[in-house]
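Colleague: Under mature numbering (1 follows the signal peptide of the UniProt record, and there is no 0), the residues of the sequence shown are numbered -22 to -1, 1 to 139, in order.
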Amino acid sequence: MKGYSGMVLLLACGALITPGLAAENMKFYGTLVEPPACTINNGGNVDVDFGNRVGVKKVDGVNYLQPMNYQISCVPDANAWQMTLEIAGKVATYDKAGVITNITDLAIQIRQNGVPFELNKPIAINPTNPPQLEAVPVKRPGSTLKEGAFEATATLKAVYQ
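1. In angstroms with no decimal places, state the Cα-to-Cα distance between E129 and Q139.
2. With DSSP collapsed to three states, give me the class of G21.
3. Is it buried or exposed, G76, if we count other Cβ atoms within 10 angstroms and call 16 or more buried?
4. Give the DSSP-derived three-state secondary structure of R89 in the structure shown.
5. Just to confirm, are T131 and A66 a CB contact at a threshold of 8 Å?
6. List the residues that DSSP assigns as beta-bridge partners of E64.
7. What span of residues does the beta strand (DSSP E) with I101 cover, start to end?
8. Between which residues of its own chain and T79 is the CB-CB distance below 7 Å, once the five residues before and five after are set aside?
9. Take the Cβ of residue 151 as the centre, count every other Cβ of all protein chains shown within 10 Å, and call the residue buried at 16 or more, exposed below.
10. By a C-beta neighbour count over all protein chains shown, 10 Å radius and 16 as the cutoff for buried, is L116 buried or exposed?
11. Could you give the residue range of the beta strand (DSSP E) that holds V40?
12. For K74, which three-state DSSP category applies?
13. Using only alpha-carbon positions, find the residue among V34, P105, K135, V69 that is nearest to G120.
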């Protein structure tokens, strides 16, 4: 019996020192909307052609620099939304901005406004003034490239937040 009376006394004391409680109901509400429709190059590819004469000894991250011509088109009134741009692809182990190719030790480095654009990492952009993108062949430091046709594939994503 002693054990129970001590517990009752403890509970009674707790009730005496508890400050007054107030409770209010909370209401949450909003409206779901679809982001505006946008396309890159009207749904087409962004092709970069380095030509048929890329010298295996001239690949240095400077030679053969090519613009990546793309255009983001959105419906009117889309400017109020925040947009990110990302290049999704398989990253070269020696260059975070390099898309691997089918040739060992050769990658295509992507640059945005002249700076390496790390793959799989979105950046905030203004869709009415997107960054200039460029592509340039790069090789693993110290490697020797072998002749052959090369290609690389990545996905350019423009995503509303």
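Don't be surprised by glycine CBs; every beta carbon is placed ideally from N, CA and C.
Just so it is clear, the structure is predicted and the values come from calculations on it, not from any experiment.
Modeller: For this structure:
1. 32 Å
2. helix
3. buried
4. strand
5. no
6. K135
7. 101 to 103
8. A85, I86, F128, E129, A130
9. Limits of the chain in this structure are -22 at one end and 139 at the other, which puts residue 151 out of reach.
10. Contrary to the premise, residue 116 reads as Val rather than Leu in this sequence. It counts as buried.
11. Here V40 belongs to no beta strand (DSSP E), and DSSP marks it neither H nor E.
12. strand
13. V34
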